[in-house]
Structure formats: structure tokens, C-alpha cells
Amino acid sequence: MAIKTILLMAQTLDGKIARHADHFPDWTGKADKQLFVRLTRRAGAIIMGSKTYDTIGKPLPGRRNIVMTRNPSRVSQWENLIYTSQSPQVILEGLEDEGFNEVVLAGGARINTLFAENGLIDEVMVTITPMIFGSGIAMFEKGVGGRLSLLRVIPIDPERVCLHYRFIDTTQETG
Ligand SMILES: NC(=O)c1ccc[n+]([C@@H]2O[C@H](COP(=O)([O-])OP(=O)(O)OC[C@H]3O[C@@H](n4cnc5c(N)ncnc54)[C@H](OP(=O)(O)O)[C@@H]3O)[C@@H](O)[C@H]2O)c1
């Protein structure tokens, strides 16, 4: 597929993206938020699961917001927000047909897993925040595996680095 899918996540040192499903992402830091805004504006489109969207509560301005849900009672009141139950493949084909070159995949774990299972993630950018949650939600759910190659290490503030990887392949349950 010509469109590039970049998974963009903030993660604790012990590999958690949230303490629980409705955990508001107020721990990721200003520099990570700026990186998020810059990359999502560059792409012009962002895909997320309904639980992640609910922690934000409104669409990100100036970008196409695609929210995955299987709940037909969700109806968008915003011109730049689409609720969809289409498969990841169909969503990406639609964006590609409209001329998008890249899209940011913005979580959460369920939706990340759906894309990874179908081999539809090209790159991963993960900002490591020096915190430990001990328990919580990981970037992917059980059963997903893969191999990646490091492209860049980007220091984004004195406390955080963003690790930029390219997916080599997706496998199930690598050892
Ligand atoms: N640290 C970070 O960078 C970061 C980034 C993103 C999210 N998060 C955190 O991750 C947590 C949410 O993750 P999550 O895994 O619980 O939820 P999620 O992936 O955001 O959303 C899951 C929801 O997506 C919908 N869905 C699932 N499969 C689908 C399919 N095949 N087609 C269409 N829709 C489908 C369902 O919604 P319906 O019930 O509406 O059908 C499901 O409840 C939040 O705490 C959030 O803050 C952290």
C-alpha cells in the first residue's frame, strides 16, 4: 500500500500507554504533545479507537479524524470527524484514494493490534516518558509480534526520547 501508516505513541518506561481505558493522557509532556501535533498536521489524517477518542472528547482541528467504532448510534457532529466500522485495510485504501500520503495511527491498544495483525503499520514512533505505572495498557494486546529496525533516536526534551522504528515484519507470538 502506498500510504504510510505511522503508529505514534507515548509510553512509560515499563511499556504502558495508559493506566486504564479512560485514563486521560496528561502525563506525556508538552514536547510529546508538540510532536504529536506536528506529525498529525503533516499527515492530515489520524485514526484512533473510540475509547481513545473518548479520552480526548473532540476532534483535532485541521485534520481528518477517523474514529473506529462498531456502535451505530455514534453520529458525528463535526465535519472533520468520521465514525467508521470499516476494516483498517478499507480505511487506508479510502485515504489513499483521496490523496493522503501518510496517516497517524494514534491508538489505543485494541486498534493498534487490529492494524498490526494485518501487517498495516509501516513505522512506529514511541516517546519514552520516565514513569512507571506497574500495571496498565500496553501498546499492543496479546498475540501480536514483530521485528523492527531503528531509524532515529530523537531527544524531544531533557527527560524524553522518541524512538523511531520501521516495521520489518509482523509475526504472531515471536519468542
Ligand atoms: N499513551 C499514548 O500514546 C496513548 C495513545 C492512544 C491511546 N492511549 C490510551 O489507550 C486507552 C484506550 O485503549 P483501548 O485499547 O482500551 O481502546 P481503543 O483501541 O482506543 O478503542 C477500542 C474501541 O474501538 C472499537 N473497535 C474495536 N474493534 C473494532 C473494529 N474491528 N472495528 C471498529 N471499531 C472497533 C470499539 O469501540 P465501540 O465500543 O465504540 O464499538 C472498542 O471499544 C486510553 O486510556 C487512552 O488514553 C494512550
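Per my numbering, the sequence shown starts with residue 88, numbered consecutively. Glycine included, C-beta positions come from ideal geometry on N, C-alpha and C.
Let me make sure I understand the geometry here. Which of the options has the alpha-carbon closest to that of residue i?
i, options, result
"GLY221", "LYS103, MET88 and ILE169", "LYS103"
"ASN167", "ILE224, PRO175, ARG161 and LYS145", "LYS145"
"VAL156", "ASP101, LEU147, PRO175 and PRO245", "Per the sequence shown, the amino acid found at residue 156 is Thr instead of Val. Comparing Cα-Cα distances from THR156 to each of ASP101, LEU147, PRO175 and PRO245, the minimum goes to PRO175."
"LEU122", "PRO242, GLY232, ASP101 and PRO159", "PRO242"
"GLU189", "GLU210, HIS107, VAL177 and LEU237", "GLU210"
"GLU185", "ILE219, ALA225, GLY131 and LYS229", "GLY131"
"GLU246", "ALA89, ALA97 and ILE90", "ALA97"
"ILE90", "ASN199, LEU182, ARG253 and ARG106", "LEU182"
"ALA193", "PHE187, VAL124 and GLU204", "VAL124"
"HIS107", "GLY223, SER172, GLY230 and ILE198", "GLY223"
"VAL231", "THR200, MET88 and PHE111", "THR200"
"THR258", "LYS229, LEU250, ILE198 and ALA225", "LYS229"
"ALA105", "SER172, VAL248, MET226 and LEU250", "MET226"
Between the C-alpha atoms of residue i and residue j, what's the straight-line distance to the nearest angstrom?
i, j, result
"LYS117", "THR214", "12 Å"
"MET135", "ILE208", "13 Å"
"PRO159", "ILE153", "15 Å"
"ASP113", "VAL240", "23 Å"
"THR99", "THR216", "5 Å"
"ARG129", "PHE187", "10 Å"
"MET151", "TYR252", "One detail in the question is off: residue 151 reads as Arg in this sequence, not Met. Between ARG151 and TYR252, the C-alpha separation is close to 24 Å."
"LEU95", "ASP244", "17 Å"
"LEU147", "GLN173", "21 Å"
Under the criterion of a Cβ to heavy atom distance below 8 Å, does residue i qualify as lining ligand 1?
i, result
"MET218", "no"
"ALA108", "yes"
"PHE111", "yes"
"GLN121", "no"
"GLY195", "yes"
"ARG161", "yes"
"ILE198", "yes"
"THR92", "no"
"GLY181", "no"
"GLN164", "no"
Note down, in chain order, each residue of its chain lying with its Cβ closer than 6 Å to the Cβ of residue i, except the 5 sequence neighbours on either side.
i, result
"ARG161", "TYR170"
"ASP119", "ALA97 and THR214"
"ASP101", "ILE219"
Can you find the residues in the same chain that come closer than 8 Å, C-beta to C-beta, to residue i, ignoring five residues on each side of it along the sequence?
i, result
"ASP109", "LYS138, ASP141 and THR142"
In its own chain, which residues sit with a C-beta less than 7 Å from the C-beta of residue i, not counting the 5 before and 5 after it?
i, result
"ILE255", "ARG234, LEU235 and SER236"
"THR92", "LEU179, VAL190, LEU192, PHE202, LEU207, ILE208 and ASP209"
"ASN205", "PRO175 and GLN176"
"MET88", "LEU179 and GLU183"
"PHE111", "THR142"
With burial defined as no fewer than 16 other Cβ atoms inside 10 Å of the residue's Cβ, what is the status of residue i: buried or exposed?
i, result
"GLY149", "exposed"
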